[in-house]
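Note sheet for the following structure.
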């Protein structure tokens, strides 16, 4: 049980955490902060937070738990902003998609009396903003927690208990391992989608070909419509892992290209491998839901 | 109006053509042929065909229009099989995903008294088989017709009229141009999906990372679950165009890789380009429906 929790950034994730905290009654008071025009008022109205403050330092003052739910690109400035005001013993956690860089900033900028516990909920929806917030958003989804050797174990346990109370399933892993794994299953996919769109639209026949594009293109291009700013922040903070995956992907494509160029009937095996792997993943994924 | 239409291959597409022909009453009799166990019986039962024959030569005998709706891989053998039995003046059309190779086989194997008109309906669904057949499958969708200098214009017109009667929108283009365009918007996407799956599952951490894979991975891997035999046939019959697109895709990825490695903030522009192009395509695509 927390006396006071502060949520910085009241979008879909921050707002949903606020609603979930109220639902499970794990905090006496939830206060919030957001720079967006009218966002804090709307967050109060939907019941995600109980009160709001104009200044970043005021919102974290007296909070035992601070949740950073802003875009990764503003995380460093937020950490600098709250550092002078957080109480000794406070736990600070975040929900950013990349962990190593954020944790490095946190350990560099926050007072040593404060513990930072990196977190990353594997949940989301097409809609964004506090209006789309949902107390059940994390229900059944994996929520990564990425402690380091500097993270106090009691702080890690408290964050894990909070995450479980929201219905999510905790997975502990190191920041490096987290970043490498999400680079493969989340960052590589959006870059593959963006590259696909940019490749086909640059062709002189795109105007005509666009009319022939159907469900396959629709699925493979959907991620390209995502937020450019979010994608850029992810690439800037997880560059090394992403480059490794892009190199692997390019090598796989290059090998596929040779098989196609040679009209190699063994292409079938590569296609069967992919089909089986996808079907296995899908079965596990659906069972997990 | 046709006295008799023969459909070879009674899967989703062949079956749907049979149902559509009955619905618009454009053929007096529709006969069908399929090698699959019990398929012709089921096609009769759902009303896709009126009668069936054991031998390929019998089913095309007396038909003014023959529709080839088998996988591309069996097309050459089918053309050889029907060649001795088709009447002079018969129109033969197909629904294969690649056109140049199929048309070359047709022009080489069919008697000169017969006209081949290449076709490709841009419609489909997740389900396959005659049970999933639907008279409305082509409604509003583009249906490519790819005449060559050897195609009699009256035959092209008759096939176009048939296609329009099924509610589809005819688009005429050359076989080469068709193959190049679908290679970009349809074949490159499935290869990108297959390569993505094969890249990430080969990693030693896949067992763990699979648990973190969410909606982005789901969309980008969906095509990889498609039919390996169909994908192989497409690659074997459209190798040149596909290799060209794979080279362009690899070059785009390579350039993206350099931007990510340099932590280049201009990545944003590439992401905005892709986002805008995807949103424009989506708006047109939805308007077309």
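Residue numbers (the numbering used here), protein chains in the order written: chain A, 19 to 307; chain B, 19 to 307.
Just so it is clear, CB atoms sit at the ideal spot from N, CA and C, and this is done for glycine as well.
Euclidean distance between Cα positions of residue i and residue j
{"i": "residue 259 of chain A", "j": "residue 223 of chain B", "result": "13 Å"}
{"i": "residue 256 of chain A", "j": "residue 142 of chain A", "result": "20 Å"}
{"i": "residue 252 of chain B", "j": "residue 241 of chain B", "result": "14 Å"}
{"i": "residue 106 of chain A", "j": "residue 80 of chain A", "result": "10 Å"}
{"i": "residue 216 of chain B", "j": "residue 204 of chain A", "result": "15 Å"}
{"i": "residue 137 of chain B", "j": "residue 227 of chain B", "result": "43 Å"}
{"i": "residue 152 of chain A", "j": "residue 62 of chain A", "result": "14 Å"}
{"i": "residue 261 of chain A", "j": "residue 254 of chain A", "result": "11 Å"}
{"i": "residue 191 of chain B", "j": "residue 186 of chain A", "result": "53 Å"}
{"i": "residue 292 of chain B", "j": "residue 296 of chain A", "result": "26 Å"}
{"i": "residue 229 of chain B", "j": "residue 111 of chain A", "result": "22 Å"}
{"i": "residue 275 of chain B", "j": "residue 124 of chain A", "result": "28 Å"}
{"i": "residue 92 of chain B", "j": "residue 167 of chain B", "result": "25 Å"}
{"i": "residue 116 of chain A", "j": "residue 206 of chain A", "result": "13 Å"}
{"i": "residue 23 of chain A", "j": "residue 195 of chain A", "result": "29 Å"}
{"i": "residue 59 of chain B", "j": "residue 270 of chain B", "result": "50 Å"}
{"i": "residue 305 of chain B", "j": "residue 298 of chain B", "result": "11 Å"}
{"i": "residue 4 of chain B", "j": "residue 236 of chain B", "result": "The displayed coordinates of chain B run from 19 to 307. Any statement about residue 4 of chain B would go beyond what the structure contains."}
{"i": "residue 289 of chain A", "j": "residue 232 of chain B", "result": "22 Å"}
{"i": "residue 69 of chain B", "j": "residue 244 of chain A", "result": "51 Å"}
{"i": "residue 265 of chain B", "j": "residue 96 of chain B", "result": "34 Å"}
{"i": "residue 78 of chain B", "j": "residue 47 of chain B", "result": "12 Å"}
{"i": "residue 98 of chain B", "j": "residue 126 of chain B", "result": "10 Å"}
{"i": "residue 294 of chain A", "j": "residue 272 of chain A", "result": "21 Å"}
{"i": "residue 54 of chain A", "j": "residue 283 of chain B", "result": "23 Å"}
{"i": "residue 85 of chain A", "j": "residue 303 of chain A", "result": "28 Å"}
{"i": "residue 287 of chain B", "j": "residue 26 of chain A", "result": "28 Å"}
{"i": "residue 129 of chain B", "j": "residue 171 of chain B", "result": "17 Å"}
{"i": "residue 40 of chain B", "j": "residue 71 of chain B", "result": "19 Å"}
{"i": "residue 219 of chain A", "j": "residue 193 of chain B", "result": "21 Å"}
{"i": "residue 208 of chain B", "j": "residue 234 of chain A", "result": "7 Å"}
{"i": "residue 94 of chain B", "j": "residue 43 of chain B", "result": "30 Å"}
Sequence-distant residues of the same chain with beta carbon closer than 7 Å to residue i, five excluded per side
{"i": "residue 5 of chain A", "result": "Nothing about residue 5 of chain A can be reported from this structure: the residues present for chain A run from 19 to 307 only."}
{"i": "residue 188 of chain B", "result": "161, 163, 178, 181 and 182"}
{"i": "residue 31 of chain B", "result": "87, 113 and 139"}
{"i": "residue 202 of chain B", "result": "263"}
{"i": "residue 150 of chain A", "result": "30 and 143"}
{"i": "residue 135 of chain B", "result": "109, 111, 163, 165, 169, 173, 174 and 177"}
{"i": "residue 239 of chain A", "result": "211, 214 and 215"}
{"i": "residue 146 of chain B", "result": "29 and 30"}
{"i": "residue 197 of chain A", "result": "116, 117, 118, 256 and 259"}
Residue i, enclosing beta strand (DSSP E) - first and last residue
{"i": "residue 161 of chain A", "result": "160-164"}
{"i": "residue 26 of chain B", "result": "20-26"}
Contact set for residue i: own chain, Cβ-Cβ below 6 Å, skip 5 residues either direction
{"i": "residue 184 of chain A", "result": "38 and 156"}
{"i": "residue 75 of chain B", "result": "103"}
{"i": "residue 73 of chain B", "result": "none"}
{"i": "residue 20 of chain B", "result": "45, 82 and 83"}
{"i": "residue 28 of chain B", "result": "50, 52, 57, 61 and 148"}
{"i": "residue 34 of chain A", "result": "151, 152 and 155"}
{"i": "residue 131 of chain A", "result": "106"}
Limits of the alpha helix (DSSP H) - the one that residue i falls within
{"i": "residue 82 of chain A", "result": "Run containing residue 82 of chain A: none; DSSP gives neither H nor E here."}
{"i": "residue 98 of chain B", "result": "93-100"}
{"i": "residue 36 of chain A", "result": "30-42"}
{"i": "residue 50 of chain A", "result": "First-last for residue 50 of chain A: 45-51, but that is the beta strand (DSSP E), not the alpha helix (DSSP H)."}
{"i": "residue 178 of chain B", "result": "171-183"}
{"i": "residue 18 of chain B", "result": "A query on residue 18 of chain B cannot be resolved here, the shown segment of chain B reaching from 19 to 307 and no further."}
{"i": "residue 58 of chain A", "result": "57-64"}
Beta-carbon contacts of residue i that lie in its chain and below 8 Å, excluding the five residues immediately before and after
{"i": "residue 278 of chain A", "result": "285"}
{"i": "residue 221 of chain B", "result": "227"}
{"i": "residue 267 of chain B", "result": "206 and 210"}
Identity of the residues DSSP links to residue i by a beta bridge
{"i": "residue 137 of chain A", "result": "A/163"}
{"i": "residue 190 of chain B", "result": "B/163"}
{"i": "residue 15 of chain A", "result": "In the structure displayed, chain A extends from 19 to 307; residue 15 of chain A sits before or after that span and is not available."}
**Request:** Starting from the N-terminal side, write out each stretch of the alpha helix (DSSP H) that is 4 residues or longer and does not extend beyond the stretch 107-133 of chain B.
**Result:** Correct list: 118-127.
**Asked** Curious, which full-length alpha helix (DSSP H) runs of at least 4 residues does the stretch 214-246 of chain A contain?
**Response** The qualifying runs are 224-227 and 233-239.
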